[in-house]
Amino acid sequence: MKILDNDQMREMTDEETNAYSIWLNNVKKQLQAEQKAIAERASLKQATLEKLGLTAEEVAALLS
Amino acid sequence: MGANAQTSVPAFTAGQILTAAEMTEVNTGIPVFATTTTRDAAFGGTGEKVLAEGQFAYIEASNTTQYYDGAAWQSVGTTPGLVCVKAETAFTSVTSITVDNIFTSNYTNYRVLFRATSSGSATAYIKMRASGTTSSTNYDFQLVNGYSSSVVAARATGGTDGWRLGYALSTYCASDFMIYGPQVAQATQFTNTTNVGNGPELQVISGQHTLTNSYDGMEIASTAAITGVYAVYGYSKAV
Numbered sequence: 001m002k003i004l005d006n007d008q009m010r011e012m013t014d015e016e017t018n019a020y021s022i023w024l025n026n027v028k029k030q031l032q033a034e035q036k037a038i039a040e041r042a043s044l045k046q047a048t049l050e051k052l053g054l055t056a057e058e059v060a061a062l063l064s
Numbered sequence: 001m002g003a004n005a006q007t008s009v010p011a012f013t014a015g016q017i018l019t020a021a022e023m024t025e026v027n028t029g030i031p032v033f034a035t036t037t038t039r040d041a042a043f044g045g046t047g048e049k050v051l052a053e054g055q056f057a058y059i060e061a062s063n064t065t066q067y068y069d070g071a072a073w074q075s076v077g078t079t080p081g082l083v084c085v086k087a088e089t090a091f092t093s094v095t096s097i098t099v100d101n102i103f104t105s106n107y108t109n110y111r112v113l114f115r116a117t118s119s120g121s122a123t124a125y126i127k128m129r130a131s132g133t134t135s136s137t138n139y140d141f142q143l144v145n146g147y148s149s150s151v152v153a154a155r156a157t158g159g160t161d162g163w164r165l166g167y168a169l170s171t172y173c174a175s176d177f178m179i180y181g182p183q184v185a186q187a188t189q190f191t192n193t194t195n196v197g198n199g200p201e202l203q204v205i206s207g208q209h210t211l212t213n214s215y216d217g218m219e220i221a222s223t224a225a226i227t228g229v230y231a232v233y234g235y236s237k238a239v
């Protein structure tokens, strides 16, 4: 993997590659949790709209 | 020291016959000095002018023209409010960008403009650096995402990821990222407005790095290889 290190393009060292792998693993977990929360929120929103029998635009107009 | 530079500003006396060199020096116009140190040493000595209000000088080291207001030297012209401290730098297919010695006591607050694309799906983050070492803990941020009529919020605290910078896809993401007080030994804050790649999709993000350290640089780390440009600007502290 390449790194632009203070304007010098080079390959990552083994230490940098290991640190990057750990970081990437943590980031992916956080992003997955974030996407899961977003999807759950979207499902809840849709279920609520269906319960109310309104469209999203009607709710937006109601709340404007 | 350039050809016009001088180390003394002479005070001529009545009846003194000037040499060709002295006349040539006079013909320079505003006296030229290599540095402010040589400027200060050029006045008040034996045979030298006494520094007085209205004296002009040119400093080679900073390429500035100055005038003495009777108490201190001032620069001619206005001080720019936004100063480029890291020229626009291109990167191609990298997963990490490091830049050191850009945050100094010259400025408190900085602006990072970032634009990138990715052949895959890349989320980019900023992390702070001091003396060439990246700080990898204590990053918090709050994010609000807007897509069509859907607005969603998310929050991360005590994280190791860094601060969310941008989300690059096959079309460019663009981020206007402010960093507040990175060089000061206090918690560092940020705000970011970014258009997600393949948008239009808006993310507005703010947060802080809670360690009270002084940082001189940053790392941009991405979950996939990115190509684009970035530049860093400092906000002037003086009028």
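Those protein sequences? They're chains W and S, same order as listed. Residues in the first sequence are numbered from 1 upward in steps of one, following the working numbering. Residues in the second sequence are numbered from 1 upward in steps of one, following the working numbering. Using N, Cα and C, we set each Cβ at its ideal position, and we do this for glycine too.
Element boundaries [alpha helix (DSSP H), containing residue i]
{"i": "alanine 21 of chain S", "result": "20-26"}
{"i": "glutamate 201 of chain S", "result": "From DSSP, glutamate 201 of chain S is part of no alpha helix (DSSP H); its letter is neither H nor E."}
{"i": "leucine 31 of chain W", "result": "14-52"}
{"i": "threonine 36 of chain S", "result": "36-41"}
{"i": "glutamate 58 of chain W", "result": "56-63"}
8 Å contact criterion, which residue i and residue j should meet: CB distance rounded
{"i": "phenylalanine 43 of chain S", "j": "valine 9 of chain S", "result": "6 Å"}
{"i": "alanine 34 of chain S", "j": "alanine 61 of chain S", "result": "6 Å"}
{"i": "alanine 224 of chain S", "j": "threonine 133 of chain S", "result": "Not really, about 24 Å apart at Cβ, beyond 8 Å."}
{"i": "serine 93 of chain S", "j": "lysine 2 of chain W", "result": "6 Å"}
{"i": "valine 152 of chain S", "j": "arginine 41 of chain W", "result": "6 Å"}
{"i": "alanine 174 of chain S", "j": "tryptophan 23 of chain W", "result": "No, alanine 174 of chain S and tryptophan 23 of chain W are not in contact; Cβ-Cβ is about 24 Å, not under 8 Å."}
{"i": "arginine 164 of chain S", "j": "asparagine 192 of chain S", "result": "7 Å"}
Close beta carbons around residue i, own chain, < 6 Å, minus the five adjacent residues each side
{"i": "threonine 28 of chain S", "result": "Asn4"}
{"i": "phenylalanine 91 of chain S", "result": "Ile97"}
{"i": "valine 229 of chain S", "result": "Glu88, Ala90 and Arg115"}
{"i": "threonine 64 of chain S", "result": "Ser75"}
{"i": "threonine 30 of chain S", "result": "In the sequence as presented, threonine is not what sits at residue 30 of chain S; that position holds isoleucine. Taken in chain order, the residues that qualify are Phe56 and Tyr58."}
Check whether residue i and residue j have beta carbons under 7 Å apart
{"i": "glutamine 183 of chain S", "j": "phenylalanine 103 of chain S", "result": "yes"}
{"i": "asparagine 195 of chain S", "j": "leucine 169 of chain S", "result": "no"}
{"i": "threonine 36 of chain S", "j": "isoleucine 59 of chain S", "result": "yes"}
{"i": "alanine 154 of chain S", "j": "leucine 143 of chain S", "result": "yes"}
{"i": "tyrosine 110 of chain S", "j": "glycine 162 of chain S", "result": "no"}
{"i": "valine 232 of chain S", "j": "valine 85 of chain S", "result": "yes"}
{"i": "serine 236 of chain S", "j": "glycine 81 of chain S", "result": "yes"}
{"i": "threonine 160 of chain S", "j": "asparagine 18 of chain W", "result": "no"}
{"i": "phenylalanine 190 of chain S", "j": "glycine 166 of chain S", "result": "no"}
{"i": "alanine 156 of chain S", "j": "phenylalanine 141 of chain S", "result": "yes"}
{"i": "alanine 21 of chain S", "j": "lysine 49 of chain S", "result": "no"}
{"i": "alanine 56 of chain W", "j": "serine 149 of chain S", "result": "yes"}
{"i": "valine 112 of chain S", "j": "glycine 234 of chain S", "result": "no"}
{"i": "leucine 202 of chain S", "j": "glycine 146 of chain S", "result": "yes"}
{"i": "asparagine 6 of chain W", "j": "valine 99 of chain S", "result": "yes"}
Cutoff 7 Å; reference residue i; Cβ partners in own chain excluding five residues on either side
{"i": "asparagine 257 of chain S", "result": "Chain S is shown from 1 up to 239; residue 257 of chain S falls before or after that span and cannot be answered."}
{"i": "glutamine 74 of chain S", "result": "Gln66 and Tyr67"}
{"i": "methionine 128 of chain S", "result": "Ser135, Pro182, Thr188, His209, Tyr215 and Met218"}
{"i": "glutamate 16 of chain W", "result": "Ile3"}
{"i": "leucine 51 of chain S", "result": "Phe43, Gly44 and Tyr68"}
Extent of the continuous beta strand (DSSP E) to which residue i belongs
{"i": "glutamine 186 of chain S", "result": "That residue, glutamine 186 of chain S, is in no beta strand (DSSP E); it is neither H nor E in DSSP."}
{"i": "leucine 82 of chain S", "result": "82-99"}
{"i": "alanine 124 of chain S", "result": "122-130"}
{"i": "asparagine 145 of chain S", "result": "139-147"}
{"i": "isoleucine 59 of chain S", "result": "56-59"}
{"i": "glutamate 48 of chain S", "result": "Looking at the DSSP string, glutamate 48 of chain S is not in any beta strand (DSSP E), and its letter there is neither H nor E."}
{"i": "phenylalanine 103 of chain S", "result": "Neither: phenylalanine 103 of chain S is in no beta strand (DSSP E) and is coded neither H nor E."}
{"i": "aspartate 5 of chain W", "result": "2-5"}
{"i": "threonine 13 of chain S", "result": "No beta strand (DSSP E) holds threonine 13 of chain S; DSSP gives it neither H nor E."}
{"i": "alanine 72 of chain S", "result": "No beta strand (DSSP E) holds alanine 72 of chain S; DSSP gives it neither H nor E."}
Contacting residues, own chain, Cβ-Cβ under 8 Å from residue i (five flanking each side not counted)
{"i": "tyrosine 172 of chain S", "result": "Arg115, Ala116, Thr117, Gly197 and Gly228"}
{"i": "glutamine 186 of chain S", "result": "Thr212"}
Strand pairing of residue i, partner residues [DSSP]
{"i": "alanine 231 of chain S", "result": "S/Leu113"}
{"i": "glutamine 6 of chain S", "result": "In the DSSP output, where bridge partners are listed per residue, glutamine 6 of chain S has none listed."}
{"i": "valine 151 of chain S", "result": "S/Gly146"}
{"i": "valine 32 of chain S", "result": "S/Ala5 and S/Tyr58"}
{"i": "serine 245 of chain S", "result": "The structure shown does not extend to residue 245 of chain S, since chain S is modelled only from 1 through 239, so no value can be given for it."}
{"i": "alanine 156 of chain S", "result": "S/Phe141"}
{"i": "tyrosine 167 of chain S", "result": "S/Thr123"}
*Along the segment 32-44 of chain W, what residues have a CB closer than 8 Å to any CB found in chain B?*
Protein chains W and S are contained in the structure displayed, whereas chain B is not.
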